[in-house]
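K.L.:
Numbering (this note's numbering), first residue to last: 1 to 188.
Yeah, the Cβ is synthetic: ideal placement off N, Cα and C, and Gly gets one too.
1) Using CA atoms only, rank isn't needed, just tell me which of 57, 77, 123 and 93 is closest to residue 68.
2) Under 6 Å Cβ to Cβ from residue 135, same chain only, skipping five residues before and after it: list those, please.
3) As a quick exercise: from 106, 55 and 110, pick the residue whose alpha carbon is nearest that of residue 82.
4) Would you mind stating whether residue 17 and residue 107 have Cβ atoms separated by less than 9 Å?
5) Using a threshold of 9 Å, state whether the C-beta atoms of residue 40 and residue 142 are closer than that.
6) In angstroms, rounded to a whole number, what distance separates the CA positions of residue 22 and residue 93?
7) Can you tell me which of 114, 51 and 130 puts its alpha carbon nearest to the alpha carbon of residue 80?
8) Suppose contacts are defined by Cβ-Cβ distances below 9 Å. Is residue 51 in contact with residue 118 by that definition?
9) Whole angstroms are fine: how far does the CA of residue 27 sit from the CA of residue 33?
10) Beta-carbon within less than 7 Å of residue 176's beta-carbon, same chain only, minus the 5 sequence neighbours each way: which residues are those?
11) Whose CA, out of 153, 85, 137 and 120, lies closest to the CA of residue 47?
12) Does residue 157 come out as helix, strand or coil in the three-state DSSP assignment?
13) Could you spell out where the alpha helix (DSSP H) holding residue 49 opens and where it closes?
14) How should residue 63 be labelled, buried or exposed, when 16 other C-beta atoms within 10 angstroms of its C-beta is the threshold for buried?
15) Among 137, 122 and 153, which has the Cα closest to the Cα of residue 101?
16) My assumption, with CB atoms under 8 Å, is that residue 72 sits in contact with residue 53. Please give the rounded CB distance.
17) Can you tell me which of the three DSSP states residue 62 falls into?
Below, the structure is given as structure tokens:
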């Protein structure tokens, strides 16, 4: 059964990442830091990306609709993939496994690997880097803040964020280089 092998692996990795998680999580003691990352996390729940998708046809009139629809399709793929991985791999969140790590905001689901917020943020930023590089550079600080928020708020281990970023970058590159042409032809 893959989940029990994964469970043993994650137990060992969790122990190694605990001190780093706890150290990063201590920044929650500073109210402005906590507030900033709670807001970023909430926007990273999807609200920021939904607003961007809706405004893309206005921001890039010739190809914005096609890129928005590609982001929707890619976002759905991201969601199905990370939810499946979380159910299969079953890694508890840091604040559940280690009571000394504070939970800075309620999680959207129980399990931690990979970070869905990071996966989506990096996927969308990568996709935009391929198709609208100027916009991607403007969004990069938000994407990095989303990734950081996951560890700072005690919701993910650094390896969850790294895995989410790697998967998101891969999906963003595949969509940007492999699917952009057909989407731009159909909807551009």
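P.N.:
Considering the structure as presented:
1) 57
2) 128
3) 110
4) no
5) yes
6) 13 Å
7) 114
8) Cβ atoms of residue 51 and residue 118: not closer than 9 Å.
9) Near 7 Å, if we compare the C-alpha coordinates of residue 27 and residue 33.
10) Excluding residues within five positions, the ones whose Cβ falls inside 7 Å are 126, 127, 130 and 131.
11) 120
12) coil
13) 48 to 59
14) buried
15) 153
16) 6 Å
17) coil
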